[in-house]
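Contents: one structure, followed by commentary.
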Amino acid sequence: MEDFKSIVVDSAATEVSVESRSRGVKGKVTVSIKALVSVLVVILLLATVGAGVYFYIDYADQWISTNNAFVDGRIYAVAALFPGSVEEIHVAEGARVTKDEPLATIDSALQSLAVRKIEAALRTNDLTIEKLDFQPATAPELELARARRDELNLFLEEARFIYRQTNVLSPADGYVAHLQVEAGEYAMTGQTIMSVVNLDDLWISANFSEEQVRHLRVGQEVDIYVDAYPDEQLRGTVANIMPAGGSAFALFPPDATAGNWVRVSQRIPVKIVFADDGNKEDLRLKIGMSATVRVER
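Going letter by letter, the sequence shown gives residues 86 to 382 in the numbering used here.
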């Protein structure tokens with residue numbers, strides 16, 4: 086007996102009817118197109134999720150990364166070595182300066198007076214020594230005068246050094262930032278007048294979790310992505326892995342004996358230097374810019 090099937094599609098195209106006759110048996114199966122589409126969509130979603138999980142696990146096994154990273158560099162605090170009124174600020178905030186370039190001038194009147202007083206005392210002491218050389222005098226008097234001369238010479242050297250510091254000089258090449266004192270204001274000894282930021286020597290400070298540190302070693306190559314330039318990939322190498330976690334240097338270290346202590350993953354600071362063959366020089370990187378780094382295991 087001949088087997089055959091006939092397929093009938095309704096006008097709304099929402100169902101497919103399949104009629105089958107085989108060996109005298111007649112059957113009819115109705116399949117919904119919407120159901121078929123739903124099944125296919127579910128299968129496609131499951132396949133997509135499965136592929137994503139597979140590639141994520143493969144990536145996690147191959148790389149370690151953190152976005153707890155930022156561009157770091159040297160910031161020099163320029164301070165006054167003695168108290169006095171700020172006579173003049175020679176640079177503007179953001180200006181490019183070179184090493185030993187004058188940045189500010191502190192009132193030098195008092196320091197100039199101190200130098201002149203010591204010079205006068207030194208001349209008087211020299212006259213005393215000359216008189217003692219030509220007059221009968223005991224050896225202790227002459228030795229005392231000579232010792233006084235040596236002491237005054239030291240005082241004079243110190244006073245002249247301080248006097249030279251009335252011109253506050255830049256400690257390095259860089260850019261002026263965080264100007265804190267204006268002309269006419271009074272500066273105390275050690276007070277920061279401004280800062281000089283050196284952008285020629287930058288690196289990345291990354292904080293990896295303690296679980297990741299075992300995969301790090303000095304000399305490993307690093308991929309660097311700065312948020313300001315998301316399409317630019319920079320290269321670097323691990324230069325230093327700190328011997329202590331960041332919490333060890335905190336102003337208030339966590340107290341493990343406290344009753345509200347919570348165990349959290351600690352962060353280990355890692356210094357990453359830029360590779361010389363990269364395109365860092367083409368980018369205007371600034372200290373503090375956020376970054377993401379990844380290291381191959």
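The C-beta atom is built at its ideal place from N, Cα and C for all residues, glycine as well.
- In this structure, the CA atom of F293 is about 35 Å from the CA atom of A180.
- Contact check for A313 and A244: beta-carbon distance about 49 Å, past the 8 Å limit, so the pair fails to qualify.
- In this structure, A324 and V303 form a Cβ contact; the two beta carbons are roughly 7 Å apart against a cut-off of 8 Å.
- Contact check for V281 and V261: beta-carbon distance about 6 Å, within the 8 Å limit, so the pair qualifies.
- With respect to A194, I278 sits apart: the two C-beta atoms are not nearer than 8 Å.
- Between R352 and N153 the beta-carbon gap is near 7 Å, inside 8 Å, which marks them as a contact.
- Within the same chain, Cβ atoms closer than 8 Å to the Cβ of L301 are found at I149, F293, V323, I326, V355, V380, the five residues on either side in sequence being excluded.
- Taking a C-beta distance under 8 Å as the contact criterion, V171 and V266 qualify as a contact pair.
- In summary, I191 is buried, with 16 or more beta-carbon neighbours lying within 10 Å of its beta-carbon over all protein chains present.
- Per DSSP, the continuous beta strand (DSSP E) segment holding I326 begins and ends at 319-326.
- A contact between stretches requires three or more CB pairs, one per stretch, nearer than 8 Å, and the stretch 223-232 fails this requirement with the stretch 122-132.
- Between P256 and R159, the alpha-carbon positions lie close to 11 Å from each other.
- Between I372 and G321, the gap from beta carbon to beta carbon reaches 8 Å or more.
- Using a 10 angstroms sphere on the CB of Q318, the tally of other CB atoms stays under 16, which defines it as exposed.
- Q305 and R249 have their C-alpha atoms some 47 Å from each other.
- The beta carbon of E204 lies closer than 8 Å to those of L241 in the same chain, with the five residues before and after it left out.
- Counting only runs that start and end inside the stretch 185-230, the beta strand (DSSP E) elements of at least 3 residues fall at 187-191.
- Apart from sequence neighbours up to five positions away, the residues of its chain that approach A376 with a beta-carbon distance below 7 Å are A154, F155, V156, I289, I309, Y310, V311, D312, ordered along the chain.
- As a beta-bridge residue in DSSP terms, D157 pairs with W288.
- For L254, the enclosing beta strand (DSSP E) has its first and last residue at 252-254.
- By alpha-carbon distance to D316, the top candidate from L336, A335, L368, K184 is L368.
- With a cutoff of 8 Å on beta-carbon distance, E178 and L264 are scored as near each other.
- For the 8 Å CB-CB criterion, E295 and S350 form a contact.
- DSSP places N152 in the strand class (E or B) of the three-state scheme.
- When the Cα atoms are used, G137 and V307 turn out to be separated by approximately 24 Å.
- Exclusion of the five residues before and after D258 leaves T183, K184 as the residues of its chain whose Cβ lies within less than 6 Å of its Cβ.
- Within a 10 Å sphere around the beta-carbon of Q196 sit 16 or more other beta-carbons, which makes this residue buried.
- Among the bridge pairs identified by DSSP, G275 is matched with none.
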